[in-house]
Each structure stands twice: as structure tokens, then as C-alpha cells.
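So the sequence shown is numbered by UniProt numbering: it starts at 1 and just counts up by one. Even for Gly, the Cβ is constructed at its ideal location relative to N, Cα and C. The model shown is predicted, which means the values in this text are computed figures rather than measured ones. Read the structure below first, then the notes.
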Amino acid sequence: MELFYDILKQLIRIPSVVGSEQPFFMFIKRELEERAIKVEYYDGVLVAKGERPHSGYISAHADRHGLVCTGHNEFQYAAFIAKNKADLTGDSNSEQLLHNFTARFVAERVQAYQPYSGTYLGLGAIKDAFLCERRNNIIFKIDGFDYLTPGMPIAFMDKLDIKDDLISAQLDNVISVAMIIYMYAIGYQGTAFFTASEEAGRSWRFLLEWFRRFDIKTDELLVLDTSPYPTLEELRSIDIVLRHRDSNAVFRSPLKNKIKKIALKEKINFNFKDTYLKNKMQKNNAVRSLGTTELGRLIFATKGEIQGTTLQIPTIGYHTVNETTTKRAVESMIKVLQKLYIS
């Protein structure tokens, strides 16, 4: 696992604010090309191909939450500014959490960078954050960034923290990106997608465009991500997270049962997130969304021509720089990927 954590530590240091992922894409491209993997860059998606590109299709979104300058000394939450949120529907986890976001950001250190080159522009610290009801977004006050012009992205300063059996950072979704690079390092020869703007609900469009560009259909697209849980106790009881469906579509793929069989054989604890959410709603006598995923949107848009399943790592502290999971969960997810695609 030392190689995996080395990859993850490097990736975490590269900013990738939603809408400004170019520097992160270029870093991934270099990492993979150093391993003799062919990499193609299309609008909104970086595509890696091994020697047997049809032997697997794995996807992970590359963007992370952050801020963007929208005026003189004005900074907004990047995923929810008007140019990004056209596809948001109100039922994503991010949107449901919007009203609870503000307090968690105060005192966080941030870095500004050039959106295309990744050139470092300086450090700042968030002094205040408040919800503007008129714009339905969080407005930030940051000391030291009065020279920034509109459009400049601002990423949270981040590093990997490993303590006992837990690892913490802004894991969503850099941990999945690290897993894919690690898989190529140990022998994966299929195709992988790294998508932009998932946190703004747009990534599925880029993925769909790629499949249509080459007239490719599959029922075995595997989408990697993190999945939030409320308590450390629940986190420790789950190793991997699966889904039968989300709010948009039912997941019908042979991959789901393959993963389940691997988990049972390897004594990996798994949880179906949609079942978990349904049980919670029943217990609380409340009706809520089953959540939206990149895959669900893709299945719905293609009327099932593209199908697959999700494989997620359970976390607490969702959408913060202290998002946390267990080492066992990381190892379990990698073991499933190895069994599916290598051994």
C-alpha cells in the first residue's frame, strides 16, 4: 500500500477546483504516461487506455470543491455559481448540505491558482462565510486576495493525515483517482475516465459525449467515488458501498453481482446505500431523495444503453478537508478492483 499512499499524497497537493481541473488533469496525464499508458484529453474528460482498452471501463470524477473569485474581494462556492449549476436539480447531497456549510469553512487556509497553467497565485485564510439567499450560494470573506480577478479558482490547502487506522483529507474524489493510477501501476490494462465538474452535476455529459463519439456501448461501467455516513461507528462497520439504484435510474450490470461475490469471499463488509437511505426514511417517517450519481444520470440519458454500477468508499466529514475513511476500506476497495480486473 506504500505506493498507493505515495500517489495519493502527491495528488492531494494539486488543486482541482470544479470548473478549473486543467492543472490536475495534466498531472494525471504525466503520471500515467510515465507508466506507458496512452492518454487522450477531450472536453471535460481525460481518457486513459491500457493495452486492452475494452477489458474494463472505470470512471472517477477529478474535480473537488473550492471557491472562485466573482468580483472585487468577492468569492463564491464554485459548484453553485450560475455558470456551473445549470444541471443541479436540488436533490444532490451537495445542495441538501448547502445550508449547513458555512461554519465549517471559517479559518480554513486556501490557495489561489491560474485555472489553465496551475501557477500558484498566493495563500489566504477564510475569515467568514455566509449564505446569500438571493444568490443561493455561500459568499466568502478572505484576507489577502484583493488582487484576484473574476474567474480565478481558490482551492483548500490540503494534505493527507494518517492516524492509526484512519486517513483524512479532502478525499472526494482524489482517493478514487489515486486508486485508478495505482491500478495501472500494478497491471490494469483497460480504459479509465477522469471527469470534470461532477460536483456541479455536469460530468455525465462529458462521459456520454465520449461514448457517443466512438459509438461504444457497455453494461460494465464502474464509477468510483466516496459515500457519506454520519458517524465513525457506522464508518468502521462498512468497507465498501454499493447501490442498486439512485434517484434517476436502476443500476443493471453484471458488475454488481461480481463485486458482491468478491466481497463475500474476501469477508469485505458492504452496504447498499439506497437500501440504507430507504431504511432511514422509513424509520424517521420522512421522504427524501436516494441521491444523484454520475452513473444514474448517464443511464437515464441513454435509456440504459450505457449501464454499470458504482463502487464507493465510506467516509465521514463529507465535502470537508477532513473527510475521513478507514485504511481497511481503502484496502478492501483496491482488493475488489484487483479481483475484477487483474487476478
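Ser-16 and Ala-301 have their alpha carbons spaced roughly 27 Å apart. In the DSSP assignment, Leu-46 is bridged to Tyr-41, Phe-194. In the three-state reduction of the DSSP assignment, Lys-267 falls in the coil class. The straight-line gap separating the alpha-carbon atoms of Leu-298 and Val-174 is approximately 21 Å. The beta carbons of Ser-227 and Asn-269 sit no closer together than 8 Å. Within 10 angstroms of the beta-carbon of Met-1 lie fewer than 16 other beta-carbons, which makes it exposed. A straight line joining the alpha-carbon of Glu-220 with that of Gly-71 spans about 44 Å. DSSP places Pro-254 in the helix class (H, G or I) of the three-state scheme.
For Ala-125, the CB contacts under 8 Å within the same chain, skipping 5 residues up- and downstream, are Ala-107, Glu-108, Arg-109, Val-110, Ile-142, Asp-143, Gly-144 in chain order. When only Cα atoms are considered, Leu-148 and Val-68 end up about 10 Å apart. Here the segment 172-186 makes contact with the segment 31-42; the two share three or more CB pairs at distances below 8 Å.
Considered as a whole, the segment 309-336 harbours 323-326 as its complete beta strand (DSSP E) runs of no fewer than 3 residues, in chain order.
DSSP, reduced to helix, strand and coil, places Leu-224 within a strand of the structure shown.
A distance below 6 Å between beta-carbons, with the five flanking residues on each side excluded, links Gly-122 to the following residues of its chain, in chain order: Ala-112. The criterion of a C-beta distance shorter than 8 Å is not satisfied by Ala-78 and Val-39.
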